Amino acid sequence: MYRRRRRAYFVLMGVCLVLFVSAWAFVRLWSMPAAIAMCVVAMVIPPVAAMVGNRKGPEDRWWDEPGGQEQRQQQPPPRDAKTGKDGGTTGATGDPESDAWWDELDGRKRRG
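Shown next as structure tokens:
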């Protein structure tokens, strides 16, 4: 899913660039209103591309947090930026679900 979203994002941004460049490189020579219209369309594409690139897919499981707001406010211990380890622990928080979550985010265990 990540690859598809990333590809869609880059395609949309590529279309945006092509519209801008072609509008002012050669379309303006034939029709100034058409060039302006192309730029207006290109102006709308980046926010749409950001929404497409960041939308949640059906296989994005690490966003699914069971429970309510109380669980979302509980955060794992802070991680040291240099070593990547939990603050004062050996890398395990004691909660298997949280450990799996951190491992997936850190890229230690790839999902198949």
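Residue numbering for the sequence shown follows the working numbering, starting at 4 and increasing by one per position. Beta carbons: idealized from backbone N, C-alpha and C, even for Gly. Given the structure is predicted, the values throughout are model-derived calculations rather than measurements.
- Item | Burial state of W105 (16 or more Cβ within 10 Å) | buried
- For the alpha helix (DSSP H) containing D102, list its first residue and its last residue. 99–109
- Query: Any idea what DSSP makes of R9, helix, strand or coil?
  - Reply: Three-state DSSP puts R9 in a helix.
- Query: Beta-carbon separation of V30 and A37 under 8 angstroms?
  - Reply: yes
- Message: Please classify L32 as buried or exposed, where buried requires at least 16 other C-beta atoms within 10 Å of its C-beta.
- Response: By the neighbour-count rule (16 or more Cβ atoms within 10 Å), L32 is not buried but exposed.
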